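Enquirer: Quick note: the sequence shown, position 153, residue 410 per this note's numbering, numbers continuous.
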Amino acid sequence: MEGGVMALKTESAAGQSSKVEHVHQPADVPVLATTSTGSVSADEEYTIVQTAALKLSRRVVVDLDDEPLIDTTVALAKNSKKTRRLEKQQQKRQLKAAARARPQSPFDLPAELLHQILSYLTPSEVFRVELLSHATHAHILQNERSIARKIIETRYSILSRCFPLPMCLSGVDDASRSALLHPRRVQMTEIHKKPYQHIRPIDTTILCSCPSCLMAWNNLNLILDFASFQPHLDHREPIPIIPRGTTPQWNSDLLETHAHIVERAMESPLTYAAILETHLQTTVGTLLRKTRFPAHHIPVHRHNNNSNNKAPLAAKTVHPLRLYHVTERDANGTDAFLSRDGKPSYEFPFQRDNYYSLLAYVPNRKWDKEVLKWVYYSAGGHERDLEMLRRWFPVRVGG
258 MEGGVMALKT ESAAGQSSKV EHVHQPADVP VLATTSTGSV SADEEYTIVQ
308 TAALKLSRRV VVDLDDEPLI DTTVALAKNS KKTRRLEKQQ QKRQLKAAAR
358 ARPQSPFDLP AELLHQILSY LTPSEVFRVE LLSHATHAHI LQNERSIARK
408 IIETRYSILS RCFPLPMCLS GVDDASRSAL LHPRRVQMTE IHKKPYQHIR
458 PIDTTILCSC PSCLMAWNNL NLILDFASFQ PHLDHREPIP IIPRGTTPQW
508 NSDLLETHAH IVERAMESPL TYAAILETHL QTTVGTLLRK TRFPAHHIPV
558 HRHNNNSNNK APLAAKTVHP LRLYHVTERD ANGTDAFLSR DGKPSYEFPF
608 QRDNYYSLLA YVPNRKWDKE VLKWVYYSAG GHERDLEMLR RWFPVRVGG
């Protein structure tokens with residue numbers, strides 16, 4: 258017997274080979290099988306008896322027809338003092354990281370984005386932002402030129418061509434400086450040194466005195482003086498009259514203040530932009546004065562001299578068409594409405610009495626009827642004037 262199997266030999270009564278199989282076999286019942294083969298005699302029959310229970314195989318048979326397994330394993334709930342302490346520490350680190358990533362001030366933004374934000378402000382608003390802290394003051398001063406250039410291009414592109422800045426005498430070449438300070442030329446320009454009542458004379462030792470710079474100086478001072486008397490004009494109050502030959506102290510101080518602002522604008526682009534902003538506000542306020550500050554009594558034209566006829570005329574006669582067709586919608590802080598067809602400004606207001614009839618002073622341009630647009634001729638005037646002065650007053654060699 259080997260491996261718990263015992264072989265028995267039996268004889269068949271019929272003398273033939275036969276085969277016996279047990280199909281239904283419990284696990285704890287020995288296996289009994291009877292078989293006979295052709296290699297032995299026909300009258301012999303062998304029976305195999307299983308004396309011990311079969312051992313189950315350790316191999317796991319995988320049925321391909323079963324459904325795929327779904328992993329429903331979940332993490333165990335952590336509940337301990339150490340776990341809660343670690344979680345709090347992690348939350349603090351996350352909050353600190355988020356605080357570092359979030360901009361705490363405008364200066365944490367990229368420089369291009371910060372300049373783009375400041376370019377949407379008006380010059381007066383930029384000056385107020387500059388007063389917030391030392392950091393804002395230093396940053397705006399450091400990037401003043403680029404900020405002002407963007408503001409002027411966006412808001413005052415037309416006025417900047419109509420009101421150029423005068424040039425400093427230190428920026429003029431030696432030949433042109435000699436021509437400007439030539440004694441005969443100085444005598445010819447004595448008429449420009451006669452003071453206006455509303456403009457301080459130009460200092461020829463500091464600023465260029467060519468015709469273009471003289472006109473630029475007068476125009477910028479006129480902007481500030483015209484703006485200072487807007488409250489009088491809005492409320493229909495007369496402008497103070499200065500007797501001829503007198504110079505009141507209040508007027509001298511006013512002119513000196515305006516001249517100081519213009520001189521500062523030659524070095525500070527934001528100050529120059531603020532002057533353009535002031536003139537734009539003055540122009541819009543003048544054109545919309547009848548709607549913003551209506552008079553108590555409306556002057557009405559009569560058809561005849563009959564005093565009994567008090568009926569007003571049509572509205573279009575009482576309210577004439579505004580210059581540049583300006584409405585409240587155009588008062589958006591830009592000078593885009595000045596590109597429309599309007600009245601050119603050829604005459605310079607030589608005195609304050611001209612302020613009563615002055616609507617929009619926009620010099621250095623003319624309306625081209627063929628192309629239907631404004632043509633500006635202020636660009637390059639300074640260089641042309643210096644070239645002309647060099648021809649008229651050449652420098653003497655060795656003299």
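From the three backbone atoms N, C-alpha and C, an ideal C-beta is built for every residue, glycine too.
The structure displayed is predicted, hence computed values, not measured ones.
Using C-beta distances below 8 Å, list every residue in its chain close to SER376, excluding the 5 sequence neighbours before and after it, in chain order.
Expert: ILE404, LYS407, ILE408 and THR411
Enquirer: Starting from LYS630, trace the beta strand (DSSP E) in both directions and tell me its first and last residue.
Expert: 630-633
Enquirer: Using a Cβ-Cβ cutoff of less than 8 Å, which residues in the same chain neighbour LEU416 once the five nearest sequence positions on both sides are dropped?
Expert: LEU533, HIS536, LEU537, ASP592, LEU595 and VAL619
Enquirer: Can you list, in chain order, the residues of its chain whose CB lies under 6 Å from that of MET523, leaving out five sequence neighbours each side?
Expert: Apart from sequence neighbours up to five positions away, the residues of its chain that approach MET523 with a beta-carbon distance below 6 Å are LEU422, ordered along the chain.
Enquirer: Who are the Cβ neighbours of ARG441 in its own chain at under 8 Å, not counting the five residues just before and after it?
Expert: PHE650
Enquirer: For LEU326 and LYS339, I'd like the C-alpha separation in whole angstroms.
Expert: 35 Å
Enquirer: Could you give the DSSP three-state label for LYS600: helix, strand or coil?
Expert: coil
Enquirer: Measure from the alpha carbon of HIS396 to the alpha carbon of each residue in PRO363, VAL443 and GLY428, then state which is nearest.
Expert: PRO363
Enquirer: When the Cα of LEU616 is compared with those of GLU382, LEU580 and LEU471, which residue comes out closest?
Expert: Of GLU382, LEU580 and LEU471, the residue nearest in Cα terms is LEU580.
Enquirer: What residue range does the alpha helix (DSSP H) around LYS451 cover?
Expert: Taken as a continuous stretch (DSSP letters only), LYS451 belongs to no alpha helix (DSSP H), as it is neither H nor E.
Enquirer: Can you give me the Cβ contacts of CYS425 inside the same chain, cut-off strictly under 8 Å, excluding the 5 residues immediately before and after it?
Expert: ILE463, LEU464, CYS465 and MET523
Enquirer: Assign ASN336 to one of two classes, buried (16 or more other C-beta atoms within 10 Å of its C-beta) or exposed (fewer than that).
Expert: With fewer than 16 other CB atoms across the displayed protein chains lying within 10 angstroms of its CB, ASN336 is exposed.
Enquirer: Alpha carbon to alpha carbon, how far is SER469 from LEU437? Give it in angstroms, no decimals.
Expert: 13 Å
Enquirer: Assuming ARG385 is part of the alpha helix (DSSP H), what are its boundary residues?
Expert: 380-387
Enquirer: Beta-carbon separation of PHE420 and ASN508 under 8 Å?
Expert: It is not a contact, given that the beta carbons lie outside the stated cut-off.
Enquirer: Since TYR634 and PHE486 should fall inside the 8 Å C-beta cutoff, what is the C-beta to C-beta distance between them, to a whole number of angstroms?
Expert: That belief does not hold up - the Cβ atoms of TYR634 and PHE486 are roughly 29 Å apart, past 8 Å.
Enquirer: Could you check the C-alpha separation between TYR603 and ARG622 for me, to the nearest Å?
Expert: Taking the straight line joining both Cα atoms gives about 9 Å.
Enquirer: Return the chain-ordered list of same chain residues with a C-beta closer than 7 Å to the C-beta of THR393, the five sequence neighbours on each side being excluded.
Expert: VAL386 and GLU387
Enquirer: SER427 and LEU646 look like a contact to me (Cβ under 8 Å); what is the Cβ gap, rounded to whole Å?
Expert: Not really, about 17 Å apart at Cβ, beyond 8 Å.
Enquirer: How is the alpha helix (DSSP H) around ARG622 delimited, first residue to last?
Expert: Judged by DSSP secondary structure, ARG622 falls outside any alpha helix (DSSP H) and instead within the beta strand (DSSP E) spanning 622-625.
Enquirer: Distance, Cα to Cα, HIS515 vs ASP482?
Expert: 7 Å
Enquirer: Helix, strand or coil for LEU464, going by three-state DSSP, please let me know.
Expert: strand
Enquirer: Please say whether ALA530 and PRO380 have beta carbons closer to each other than 8 Å?
Expert: yes
Enquirer: Can you determine whether any heavy atom of the ligand GDP sits closer than 7 Å to the C-beta of GLY502, and answer yes or no?
Expert: As for the ligand GDP, it is missing from this structure, which has no ligand bound.
Enquirer: Report yes if the C-beta distance between LEU479 and PRO601 is below 8 Å; otherwise report no.
Expert: no
Enquirer: If I follow the unbroken alpha helix (DSSP H) through CYS419, where does it start and stop?
Expert: 414-419
Enquirer: Report the rounded CA-to-CA distance for GLY599 versus TRP624, giving the unit in angstroms.
Expert: So the two alpha carbons sit approximately 8 Å from each other.
Enquirer: Taking its Cβ as the centre, do 16 or more other Cβ atoms sit within 10 Å of ARG341, making it buried, or is it exposed?
Expert: exposed
Enquirer: Going by Cα to Cα distance, which pick from SER435, GLU494, VAL443 and GLY502 is closest to GLN454?
Expert: Closest in alpha carbon position to GLN454, among SER435, GLU494, VAL443 and GLY502, is GLY502.
Enquirer: Less than 8 Å between the beta carbons of PHE550 and ASP587, yes or no?
Expert: no
Enquirer: Would ILE518 be called buried (16 or more neighbouring beta carbons within 10 Å of its own) or exposed?
Expert: buried
Enquirer: Could you tell me which of VAL628, ILE456, LEU333 and THR540 sits nearest to ARG609, measuring between CA atoms?
Expert: ILE456
Enquirer: Grab me the residues of THR543's own chain with a C-beta within less than 6 Å of its C-beta, minus the 5 sequence neighbours each way, in chain order.
Expert: Around THR543: LEU616.
Enquirer: Using the beta-carbon count (16 or more within 10 Å), is THR329 buried or exposed?
Expert: exposed
Enquirer: Taking all protein chains shown into account, do 16 or more other C-beta atoms lie within 10 angstroms of the C-beta of VAL632, making it buried, or fewer, making it exposed?
Expert: Under this definition VAL632 is an exposed residue.
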